[in-house]
Amino acid sequence: MELSLEQIAQAVGGVVAAGDKDKKFSGAAPFESASNDEISFAADSRFIKKLDETRAGALIIQTSLEVSFPCIIKVDNPQAAFARVLALFYPQKRPFEGISEKAHIGEDFSCGENPGFGPFVFIGNNVKAGKRVCIHPNCVIEDNVVIGDDVILYPNVTLIEGCIIGNRVIIQGGSVIGSDGFGFAPDKEEYVKIPHTGIVEIEDDVEIGANNTIDRATFGKTLIKKGVKTDNLVHVAHNVTVGENSVLVAQVGIAGSVTIGKHAILAGQAGITGHIEIGDNVTVGPQAGVSKSITANQVVSGSPDMPHRLWLRVQRILPRLPELKKKLAALEKRLDRMEEK
Amino acid sequence: MELSLEQIAQAVGGVVAAGDKDKKFSGAAPFESASNDEISFAADSRFIKKLDETRAGALIIQTSLEVSFPCIIKVDNPQAAFARVLALFYPQKRPFEGISEKAHIGEDFSCGENPGFGPFVFIGNNVKAGKRVCIHPNCVIEDNVVIGDDVILYPNVTLIEGCIIGNRVIIQGGSVIGSDGFGFAPDKEEYVKIPHTGIVEIEDDVEIGANNTIDRATFGKTLIKKGVKTDNLVHVAHNVTVGENSVLVAQVGIAGSVTIGKHAILAGQAGITGHIEIGDNVTVGPQAGVSKSITANQVVSGSPDMPHRLWLRVQRILPRLPELKKKLAALEKRLDRMEEK
Amino acid sequence: MELSLEQIAQAVGGVVAAGDKDKKFSGAAPFESASNDEISFAADSRFIKKLDETRAGALIIQTSLEVSFPCIIKVDNPQAAFARVLALFYPQKRPFEGISEKAHIGEDFSCGENPGFGPFVFIGNNVKAGKRVCIHPNCVIEDNVVIGDDVILYPNVTLIEGCIIGNRVIIQGGSVIGSDGFGFAPDKEEYVKIPHTGIVEIEDDVEIGANNTIDRATFGKTLIKKGVKTDNLVHVAHNVTVGENSVLVAQVGIAGSVTIGKHAILAGQAGITGHIEIGDNVTVGPQAGVSKSITANQVVSGSPDMPHRLWLRVQRILPRLPELKKKLAALEKRLDRMEEK
């Protein structure tokens, strides 16, 4: 595929600020490795200083920067524009056209135009799928699941009974959506299983990483709101709500009935205890252990969690604890000697 | 489905303490959202104080409580009773009847009455399954596996060669039972794989969460005893024994050859080092790192683990370390000045 | 299967130091449980002291040890030799011969001699597989994947488009290789997906545990070098390189663009932040949080990471913080009293 400089500029809502608008490009690549027929981007001023180090044929740069380069597209957000250019040159592949004869389709299935279902896909009864849904091999979609338009399910994904998946949702391989929540009523030494009658609802434009587990609600629903992105091996327990455009990095675990606000970021391996609230725009540091609610716009780190700036100071002191202990002992001795006098 | 107050009381071993025994109910729901034809429960005295806030038609309450409400069932353990009522109204679904023609059944397969196997289930050779076993699509049951009665395997579960699964075991989607243990003999710079000739045995009434990994033993067996419950993304290494009715919360990791006693609770993201013993009734806090054996009835937290009460004090001091460091420096200066005089 | 003492000695590059070279053995077992027709090994001098406690018919021991026992094979590395003997007696099973008629094979598939593919295996287009490749049921191998000789893929493994798998690689059940990296460009409140055009390459003699997730590169490749071993539930992000013969223990998480050297060991639940370098022969302790590059041959522990010996001292002080705080307060009072005088 070839695209002209002008075509690329238009696709990303940018302006050609230098170069021949009709010049053709065949791909997009990083600053360091792009060749003359590829376009790249300068993420920030550090790249502007080393323009002689790239062999890219064109660069996407921030509107306010003044730069001398043969071909330039200016935009407000070069990184986002570059992501969109990549999607132009390397569109999501659709390896399946139509519904494989080796898929199993249950009763009362309805489906929009252009489905792409691979072999060994299982579709239960009364499933509804939107347009252009792509389901890779060996996915299991159980009864009464509803799937929106332009959804991609990678191999071995499981959607348990009754879950609702919005438009343009992507789920990477091996993730399990709608497993029973971890709820048991203690009865003497044993535990009685609490049936989970709820579902999981995933709203539009969510991406779920590989081998995630998102449990169905005891009652009602576990809710992953619009635009949320989860990395791999993330655990979301029953009755959790994750707010719009929040980000859950790899191996995060969220216990039951937690509510997370909009645009929060939970860094890798962080753990959130049950029944608390994480406000909008909160950032939780890697491996943090959050055991109490956090109001909006805070940055917390550590286990137990504390304000991030405080944690930075604490973590500088931790390796100095042996030294502090010695100092304390030395002070004690000096004081002993003074008192003796 | 409709059940009378008396039918519900009998099913949970309770007594109708108020109301018309023949009154019919059509479901069970939480205190806050139950409607007039649904039954709910009051978990504790906090709920008793706000009885005017529920519209439930009947309540399950603790035998010793005196309460005025139109319809009441009294039991010793309201939460457990409510879990059982939920199971009455919302019985575990059996989406498959018989063995799908699209399943693969190996040689010498034996199976009790009423199997329910979905499409693309793989059954190896010489597998034995009990009565009413339900296997969801795309599960893989390899050679010589033995499965008890009333077992439910959710989609994409893997049971590797020779594993033994007890009665009434439930395994949520994507879990792998019987993968090779992580055992390698170092040989200069390389590692020689140690073959794992053992199995995994899971006893009666165990529930395994989604995307768990339970490794087979090097020799003998990895053993998950009666009534154990594991949450999602739990790792159990080779030759581990988990005692009866113990609970492993999400993302717990247990290294090789650990023995865990009865009725222990390991909270989320806790890690247990290899070759140690965790006693009966031990509770391990979230994200704790346990590196030495723990005798029965202890509560430990932190990484490294320490008695929980001590950890509570330590974790209150951690954020105050910068302050303590300053105090120490101030004391030092005061002492310097005093010595100068 | 029966093997003579001499046959076993030859297979492990050892020497029969005592006993009848033609004596036959039928298996290998641990020191404690081996019977008279089985061979075992003495890992170190502790075992040599209790030779009367084993009923093994023969022992593999270290060349330099002088021991009196009926049948002895001497080698340089008894544990590695024992692992090889186990592999002789209990060779990796090949439950499938040929390519199941219930597998789906795409176009332009090429494959070496003696494949063993189970039912419901999906092979995309233009896939190349070497000799004696064993693919268990319900694995998904997407387009353009290349697989070497003697590879074993356990059930429900997913290999996404274009990934390259070396010779003698073993992947345990449920692992996902080649999922999209977690890369998004922030654009106001939303995130734009960055397409991942790269692949995952896994070199020879690697073993990947169960339910791992290894993401494809944004550009280029995520690289798992020769001899690497990963335990269960390990996460490797996009563009990571793991050096030869390094070991990733269960639930380790490695963020994007990290480079790990040769023969490193990352203990369970350790987390590595993005864009840093871990040198050759580095050991990272369990649950450690590594946030900066580490030069070769270091041992680090803790979160934040610090030299392991320092961490040992720090972790002994942590439980004593309440005591230190009290001491500090007491010193302060004493000083107050002295100043008053």
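Read top to bottom, the protein sequences are chains S, F and D. Using my numbering, read the first sequence as starting at -2 and increasing by one per residue. Using my numbering, read the second sequence as starting at -2 and increasing by one per residue. Using my numbering, read the third sequence as starting at -2 and increasing by one per residue. Quick reminder that beta carbons are idealized off the backbone N, C-alpha and C, glycines included. Quick caveat: nothing in here was measured; it's all calculated off a predicted structure.
Is the shortest distance between the beta-carbon of residue i and the beta-carbons of chain S less than 8 Å?
{"i": "tyrosine 87 of chain D", "result": "no"}
{"i": "asparagine 208 of chain D", "result": "yes"}
{"i": "histidine 260 of chain F", "result": "yes"}
{"i": "histidine 232 of chain D", "result": "yes"}
{"i": "threonine 238 of chain D", "result": "no"}
{"i": "arginine 81 of chain F", "result": "yes"}
{"i": "proline 192 of chain F", "result": "no"}
Taking CB distances under 8 Å as the criterion, tell me whether residue i reaches chain F.
{"i": "leucine 56 of chain S", "result": "no"}
{"i": "valine 189 of chain S", "result": "yes"}
{"i": "aspartate 184 of chain S", "result": "yes"}
{"i": "serine 176 of chain S", "result": "yes"}
{"i": "lysine 226 of chain D", "result": "yes"}
{"i": "asparagine 153 of chain S", "result": "yes"}
{"i": "phenylalanine 114 of chain S", "result": "no"}
{"i": "proline 283 of chain D", "result": "yes"}
Applying the 10 Å Cβ sphere with the 16-neighbour rule, what's the burial state of residue i?
{"i": "serine 300 of chain D", "result": "buried"}
{"i": "histidine 133 of chain F", "result": "buried"}
{"i": "threonine 60 of chain D", "result": "exposed"}
{"i": "glycine 159 of chain S", "result": "buried"}
{"i": "aspartate 147 of chain D", "result": "buried"}
{"i": "glutamine 169 of chain S", "result": "buried"}
{"i": "aspartate 302 of chain F", "result": "buried"}
{"i": "glutamate 35 of chain F", "result": "buried"}
{"i": "glutamine 312 of chain F", "result": "buried"}
{"i": "lysine 47 of chain S", "result": "exposed"}
{"i": "aspartate 228 of chain S", "result": "buried"}
What are the boundary residues of the beta strand (DSSP E) that residue i is part of?
{"i": "glutamate 187 of chain S", "result": "187 to 190"}
{"i": "alanine 77 of chain D", "result": "Looking at the DSSP string, alanine 77 of chain D is not in any beta strand (DSSP E); the run it does join, the alpha helix (DSSP H), is 75 to 86."}
{"i": "serine 42 of chain F", "result": "Taken as a continuous stretch (DSSP letters only), serine 42 of chain F belongs to no beta strand (DSSP E), being part of the alpha helix (DSSP H) at 42 to 45."}
{"i": "proline 319 of chain S", "result": "Counting along the chain, proline 319 of chain S falls outside any beta strand (DSSP E), though it belongs to the alpha helix (DSSP H) covering 318 to 337."}
{"i": "glutamine 59 of chain D", "result": "55 to 59"}
{"i": "alanine 14 of chain D", "result": "12 to 15"}
{"i": "alanine 182 of chain D", "result": "181 to 184"}
Work out the CA separation of residue j and residue i for me, nearest whole Å.
{"i": "glycine 265 of chain S", "j": "alanine 252 of chain D", "result": "8 Å"}
{"i": "arginine 310 of chain S", "j": "phenylalanine 216 of chain S", "result": "43 Å"}
{"i": "glycine 178 of chain F", "j": "threonine 194 of chain F", "result": "10 Å"}
{"i": "lysine 226 of chain D", "j": "asparagine 294 of chain D", "result": "19 Å"}
{"i": "serine 288 of chain D", "j": "asparagine 209 of chain D", "result": "22 Å"}
{"i": "phenylalanine 181 of chain S", "j": "isoleucine 70 of chain F", "result": "21 Å"}
{"i": "glutamate 104 of chain F", "j": "glycine 127 of chain F", "result": "16 Å"}
{"i": "phenylalanine 114 of chain D", "j": "phenylalanine 119 of chain F", "result": "13 Å"}
{"i": "glycine 240 of chain F", "j": "valine 297 of chain F", "result": "18 Å"}
{"i": "valine 130 of chain D", "j": "isoleucine 205 of chain D", "result": "16 Å"}
{"i": "leucine 156 of chain S", "j": "isoleucine 144 of chain S", "result": "10 Å"}
{"i": "leucine 56 of chain F", "j": "serine 254 of chain D", "result": "57 Å"}
{"i": "glutamate 187 of chain D", "j": "phenylalanine 117 of chain S", "result": "35 Å"}
Any heavy atom of the ligand GDP within a distance shorter than 7 Å of the CB on residue i?
{"i": "leucine 321 of chain S", "result": "This structure does not include the ligand GDP; it has no bound ligands of any sort."}
With a cut-off of 8 Å, does the C-beta of residue i fall near any C-beta of chain D?
{"i": "histidine 305 of chain S", "result": "no"}
{"i": "glycine 250 of chain F", "result": "yes"}
{"i": "valine 124 of chain F", "result": "no"}
{"i": "arginine 310 of chain S", "result": "no"}
{"i": "aspartate 212 of chain F", "result": "yes"}
{"i": "arginine 229 of chain F", "result": "In the sequence as presented, arginine is not what sits at residue 229 of chain F; that position holds asparagine. It does not: the Cβ of asparagine 229 of chain F has no partner Cβ on chain D nearer than 8 Å."}
{"i": "proline 316 of chain F", "result": "no"}
{"i": "glycine 276 of chain S", "result": "no"}
{"i": "phenylalanine 216 of chain S", "result": "no"}
On the DSSP letters alone, give me the boundaries of the alpha helix (DSSP H) that residue i sits inside.
{"i": "valine 311 of chain S", "result": "305 to 314"}
{"i": "leucine 2 of chain S", "result": "2 to 8"}
- chain S contacts made by the region 93 to 106 of chain D, where a contact means CB separation under 7 Å: His101
- In chain order, what residues of the region 38 to 66 of chain S put their CB closer than 8 Å to some CB of chain D? none
- Query: Just by C-beta distance, which residues in the region 4 to 31 of chain F are closer than 8 Å to chain S?
  - Reply: Ala26, Pro27 and Ser30
- the region 320 to 335 of chain F: positions lying closer than 9 Å to chain D by Cβ: Leu321, Lys324, Leu325, Ala327, Leu328, Arg331, Leu332 and Met335
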